[in-house]
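A.B. asks: Line order of the protein sequences matches chains H and B. The working numbering numbers the first residue of the first sequence as 6 and each following residue consecutively. The working numbering numbers the first residue of the second sequence as 100 and each following residue consecutively. From the three backbone atoms N, C-alpha and C, an ideal C-beta is built for every residue, glycine too.
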Amino acid sequence: KQKQQVISRFFAPK
Amino acid sequence: MLELRLVQGSLLKKVLESVKDLVNDANFDCSATGFSLQAMDSSHVALVALLLRSEGFEHYRCDRNLSMGMNLNNMAKMLKCAGNDDIVTIKADDGGDTVTFMFESPTQDKIADFEMKLMDIDSEHLGIPEAEFQAIVRMPSAEFARICKDLSSIGDTVVISVTKEGVKFSTRGDIGTANIVCRQNTTVDKPEDATVIEMQEPVSLTFALRYMNSFTKATPLSNQVTISLSSELPVVVEYKVAEMGYIRFYLAPKLEE
C-alpha cells in the first residue's frame, strides 16, 4: 500500500 | 503599467498548453526579474514554477510588481488564437481588472487584441529551498514522454531508480510489470539526443504516472528534460523555455506504508 504525500510536507509557505 | 512583448509568441502558447490541465487558476507575477507563476494542482500533490526572464522579452515594461489572477484554461483559449509565428504582447494597467493579449503577424498585416477578465486568487507562495540532489538525469524529452505514456498503460505508478547502471523506470499493474532502463549515452550526433546521468548516490522513488504524464505536455518546449531526484524530496521535472527561463514541475513521492 502506498500513500501519496502532498507538497506542503516538503515546502513551507514563504 | 505592464507591457511585455514576446517575439516568439509560440513559447507562451506552449507554456499554457503544458499547465492548463494541471492548474485551474493561478497568479502570474510580474516584476523586474521577469514573468513568473507558482501554483499547485487542486490536490496539492504537484507544484509548477514558471519563470520567463525579463531579458528574454523584446520589450519589458513593468512599473511596479503586479500579480494577475488568471484562469489558465481561458488564457490558453485566448493564446490559441495567436498564430505560431505571431508576436505576443501582454498588457495590463496597474489596479485594472483585465489583461490584454495582442497578437501581431510577422508581416504586421494582422493585429488582434483579446481582453481577458482577471480574477482574485488567494494563493500563498511556497519557499523552495536549493537542494543537493542525489541524482540528476538529463534525457531527450520525447523519450521521457514516451516512457511515461507506455508505462501508464500498464500501471498507475512509476518507480524511478538511478544506479550506476543507469536510470530505470518500472511499473506494475494487473496485467503484469514493465521495466525500462536508459543508460548514459553521450556519443550522439546531436546534443539533444544525449542521456546524461549524474549520480551522487543511488536513489529510488515512486510517483503517480498521472502527474508525470501531465508534465510531459511541456515536451514541445524543449528537446531535453532534466529529472532531479533525492530521497525524501519531490522530484523536479524541468523543461527549459528557449534561452529565457524554465518550467519546473515538482511532484511529491508516494510513501510505502
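(1) Taking the C-alpha atoms as reference points, what is the distance between residue 152 (chain B) and residue 328 (chain B)?
(2) Check whether chain H comes within 8 Å of residue 352 (chain B), counting only Cβ atoms and requiring the distance to be less than that.
(3) Just to confirm the assignment, what range does the alpha helix (DSSP H) spanning residue 111 (chain B) have?
(4) Measuring straight from C-alpha to C-alpha, what distance separates residue 118 (chain B) and residue 212 (chain B)?
(5) Note the first and the last residue of the continuous alpha helix (DSSP H) segment covering residue 173 (chain B).
(6) With 8 Å set as the bound, which would you pick, yes or no: does the beta-carbon of residue 326 (chain B) sit closer than that to a beta-carbon of chain H?
(7) Looking only at C-alpha atoms, which of B:121, B:104 and B:225 sits nearest to residue 134 (chain B)?
(8) Using a Cβ-Cβ cut-off of less than 9 Å, list which residues of the segment 199 to 229 of chain B approach chain H; keep chain order.
(9) Under 7 Å Cβ-Cβ, which residues of chain H neighbour residue 355 (chain B)?
(10) Compare the C-beta of residue 234 (chain B) with all C-beta atoms of chain H and state if any pair is closer than 8 Å.
(11) In chain order, what residues of the same chain lie with their CB nearer than 6 Å to the CB of residue 146 (chain B), ignoring the 5 residues before and after it?
(12) Which residues bound the alpha helix (DSSP H) around residue 308 (chain B)?
(13) List in chain order: all unbroken beta strand (DSSP E) runs of 3+ residues lying wholly within the segment 262 to 295 of chain B.
(14) Helix or strand or just coil, what does DSSP make of residue 344 (chain B)?
(15) What does residue 305 (chain B) touch in chain H if you count any residue whose Cβ is under 7 Å from its own?
(16) With DSSP as the reference, label residue 192 (chain B) as helix, strand or coil.
(17) Could you give the distance in angstroms between the alpha-carbon of residue 292 (chain B) and the alpha-carbon of residue 195 (chain B)?
C.D. replies: The short version:
(1) Translated into the one-based positions of the second sequence, residue 152 (chain B) becomes position 53. Translated into the one-based positions of the second sequence, residue 328 (chain B) becomes position 229. Straight-line Cα distance between these residues: approximately 25 Å.
(2) Taking the second sequence and counting its residues from 1, the one referred to as residue 352 (chain B) is at position 253. Yes, its Cβ sits closer than 8 Å to a Cβ of chain H.
(3) Position 12 of the second sequence, counted from the start, is the residue given in the question as residue 111 (chain B). From DSSP, the alpha helix (DSSP H) with residue 111 (chain B) extends over 109 to 118.
(4) Position 19 of the second sequence, counted from the first residue, corresponds to residue 118 (chain B). Position 113 of the second sequence, counted from the first residue, corresponds to residue 212 (chain B). Their backbone Cα atoms lie some 23 Å apart in a straight line.
(5) For this step, residue 173 (chain B) is matched to residue 74 along the second sequence. Residue 173 (chain B) -> alpha helix (DSSP H) spans 171 to 178.
(6) As a position in the second sequence, residue 326 (chain B) is number 227, starting the count at 1. Residue 326 (chain B) does not count as touching chain H.
(7) As a first step, residue 134 (chain B) is located in the second sequence; it is residue number 35 there, counting from the start. It is B:104 whose Cα lies nearest to the Cα of residue 134 (chain B).
(8) 223, 224, 225, 226, 227 and 228
(9) Your numbering for residue 355 (chain B) matches position 256 in the second sequence. What residue 355 (chain B) touches in chain H: 7.
(10) Indexing the second sequence from 1 puts residue 234 (chain B) at position 135. So, not an interface residue.
(11) As a working note, residue 146 (chain B) is residue 47 in the second sequence. Excluding residues within five positions, the ones whose Cβ falls inside 6 Å are 139 and 349.
(12) Stepping through the second sequence from its first residue, residue 308 (chain B) is reached at position 209. Where residue 308 (chain B) is concerned, the enclosing alpha helix (DSSP H) stretches over 308 to 314.
(13) Segments of the beta strand (DSSP E) lying fully in the segment 262 to 295 of chain B: 265 to 272 and 275 to 281.
(14) As a position in the second sequence, residue 344 (chain B) is number 245, starting the count at 1. Looking at residue 344 (chain B) - three-state DSSP - the assignment turns out to be strand.
(15) On the second sequence, residue 305 (chain B) is found 206 positions in, with the first residue counted as 1. At a C-beta separation below 7 Å, residue 305 (chain B) has these neighbours in chain H: 7.
(16) Here the question's residue 192 (chain B) lines up with position 93 in the second sequence. In this structure, residue 192 (chain B) counts as coil in the three-state DSSP scheme.
(17) Working through the second sequence from its first residue, we reach residue 292 (chain B) at position 193. Working through the second sequence from its first residue, we reach residue 195 (chain B) at position 96. Roughly 46 Å between the two C-alpha positions.
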